[in-house]
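Only one structure is covered here, and it is reproduced in the block below.
Residue numbers (this note's numbering): 551 to 936.
Here it is as structure tokens:
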């Protein structure tokens, strides 16, 4: 089954560049209005799917990023929780160290136990430093071990311009990152559904085991005041100034926007909103293949059933400029299937072409089992045919 979609050539080239490796990451470039992010020290606007960059300013400059450090804290925590299959209802002890943290906090009681889910939620919503330390100690035994894991994960992601010293973003000598690396780690964080569940909470009551209640309000005001914004992480220190990373989605298009070093939250939010407005006005996401798209039914030799159904295992998108036109075609390739086959097995690929040039391949997986014929099955077939 083949299909064709019309999109733009210039933008297609940008999308193709965007999936080519460049220093461990994939970026393409487009020049927007010079007035964007005019007061921020650094900024980046990129597509949340392909990683295509449409605006950048000082993206590799080493800067303090304040509580945006918690993007990695959260990403690592969610990864470990999923990998180890830890229940979010698990009780976590708040140590004296955790309860003594300054800055933004949930005001944990030392020696009290809190649900892991509540600690994570307080970090996402209110940037709680005490909850960060409690989660770090729970997962790795100590903050130092957790920070080592944060730096190891940064290396894995190709974040060459980042060094973590703590898990909170509180001022610390030798800690730095850059707009490009912040975008990378935020893109990884967005893979976790729980992040979006918590990030959409405007305000709530954080309940302590003692019965005390701490009212927490989302530090990211754009989830309430910017159309499509459904997640983000703010930060502020005297050195870093006002920082934020947000994501917003309209239709099929999801953008990620980073700004570091704005003078205040009002200016920061205004500049991020302007960048997002530029992105949504000038670019869009086109799906060549959607996860679950049916490629067709394909014959299987030696099986108890004659065919298996193949579907796309993942999405394939292109990030394109508005108004451009070009041709996307998809060729489904499935050859020589033999039993046994299990549901979920990769049995082929959907090859996406843009203007006749190969763009990307998406695995095709079987939706049903096909057991291999046994001796009695073969005998029954022989008797029926005889």
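Ideal placement from N, C-alpha and C gives every residue a C-beta, glycine not left out.
Quick caveat, the model's predicted, so the values are computed rather than measured.
- [ ] Since I believe residue 862 is in contact with residue 826 (beta carbons under 8 Å), could you give me their beta-carbon distance rounded to a whole number of angstroms?
- [x] No, residue 826 and residue 862 are not in contact; Cβ-Cβ is about 29 Å, not under 8 Å.
**OP:** Label residue 571 either buried or exposed according to how many other C-beta atoms from any shown protein chain fall within 10 Å of its C-beta, with 16 as the threshold for buried.
**Re:** Per-residue confidence for residue 571 stands at a pLDDT of 30, beneath the threshold of 50, marking its modelled position as unreliable; the derived number appears in the next sentence. Residue 571 is exposed by the Cβ-count criterion.
query: Straight-line CA distance for residue 678 to residue 651?
result: 9 Å
Alpha carbon to alpha carbon, how far is residue 665 from residue 641? Give it in angstroms, no decimals. 5 Å
(Q) Give me, in chain order, the residues of the same chain whose beta-carbon lies closer than 8 Å to that of residue 672; leave out the 5 immediate sequence neighbours on both sides. (A) 656, 678, 681, 756, 766
Worksheet entry | CA-to-CA distance, residue 868 to residue 585, given in whole angstroms | 27 Å
Beta-carbon contacts of residue 697 that lie in its chain and below 8 Å, excluding the five residues immediately before and after: Non-local C-beta neighbours of residue 697 in its own chain, meaning closer than 8 Å and more than five positions away in sequence, comprise 686, 714, 715, 716, 717, ordered along the chain.
Check for me: the beta strand (DSSP E) holding residue 501 runs from which residue to which? For residue 501 there is no data in the structure shown, the boundaries of the chain being 551 and 936.
Note to self: Using a 10 Å radius around the Cβ and a threshold of 16 neighbouring Cβ atoms, would you call residue 834 buried or exposed?
What the structure shows: buried
| In angstroms, rounded to a whole number, what distance separates the CA positions of residue 911 and residue 902? | 6 Å
Helix, strand or coil, according to DSSP, for residue 774 in the structure here?
helix
- State the DSSP-derived secondary structure class of residue 579, mapped to helix, strand or coil. Low local confidence applies: a pLDDT of 42 at residue 579 is under 50, so the model's placement there is unreliable, with the coordinate-based value given in what follows. If DSSP states are grouped into helix, strand and coil, residue 579 belongs with coil.
Within 10 angstroms of its Cβ, does residue 638 collect 16 or more other Cβ (buried), or is it exposed?
exposed
What is the rounded straight-line gap between the Cα of residue 891 and the Cα of residue 897?
9 Å
Check your understanding: How far does the beta strand (DSSP E) with residue 606 in it reach, from first residue to last?
Key -> 603-607
Return helix, strand or coil for residue 727, following the three-state DSSP convention. Here DSSP, grouped into helix, strand and coil, assigns residue 727 to strand.
Margin query: Given this structure, state the Cα-to-Cα distance separating residue 527 from residue 709, to the nearest angstrom.
Written below: For the chain, the structure presents residues 551 to 936; residue 527 sits outside this window and is missing.
| query | Which word fits residue 704, buried or exposed, when buried means at least 16 other C-beta atoms lie within 10 angstroms of its C-beta? | reply | buried
For residue 907, three-class secondary structure by DSSP: Three-state result, residue 907: strand.
Euclidean distance between Cα positions of residue 801 and residue 647:
44 Å
| message | In chain order, what are the residue ranges of uninterrupted alpha helix (DSSP H) at least 4 long that sit wholly in the segment 781-867? | response | The DSSP assignment places 815-832 as complete runs of the alpha helix (DSSP H) inside the segment 781-867, in order along the chain (cut-off: 4 residues).
Next on the checklist: Can you find the residues in the same chain that come closer than 7 Å, C-beta to C-beta, to residue 610, ignoring five residues on each side of it along the sequence?
Outcome noted: 711, 728, 730
* Asked: Where does residue 751 sit, in a helix, a strand or coil, going by DSSP?
  -> Per DSSP, reduced to three states, the secondary structure at residue 751 is coil, with no helix or strand assignment.
Using a Cβ distance threshold of 8 Å, determine whether the segment 806-815 contacts the segment 834-847, with at least three qualifying pairs required. With a cut-off of 8 Å, the segment 834-847 and the segment 806-815 do not count as touching, because too few Cβ pairs lie within range.
**Asked** Looking at the structure shown, is residue 921 part of a helix, part of a strand, or coil, going by DSSP?
**Response** Three-state result, residue 921: coil.
Rounded to the nearest angstrom, what separates residue 921 and residue 843 at their Cα positions?
If you take the alpha carbons of residue 921 and residue 843, they lie about 24 Å apart.
Closest Cα partner of residue 871 within the set 616, 596, 895, 793: Cα-wise, what sits closest to residue 871 is 596.
Original post:
Going by beta carbon distance, what residues of the same chain come within less than 6 Å of residue 661, once the five residues before and after it are set aside?
Top reply: So no residue of the chain qualifies.
Once DSSP output is grouped into helix, strand and coil, what is the label at residue 597? strand
Neighbour-count burial assignment, residue 676, 16 or more Cβ in a 10 Å radius | buried
Length of the line joining the Cα atoms of residue 860 and residue 909 = In a straight line, the C-alpha of residue 860 is about 21 Å away from that of residue 909.
With DSSP collapsed to three states, give me the class of residue 660. The answer is coil: DSSP assigns residue 660 none of H, G, I, E or B.
Practice item. Give me the Cα-Cα distance between residue 723 and residue 613, rounded to the nearest whole angstrom. Key: 12 Å
Considering only the beta carbon of each residue, do residue 746 and residue 753 sit closer than 9 Å? Not in contact: residue 746 and residue 753 (Cβ atoms no closer than 9 Å).
What residue range is occupied by the uninterrupted beta strand (DSSP E) comprising residue 638?
Premise fails: residue 638 is in no beta strand (DSSP E) and is neither H nor E.
message = Between which residues of its own chain and residue 701 is the CB-CB distance below 6 Å, once the five residues before and five after are set aside?
response = 714
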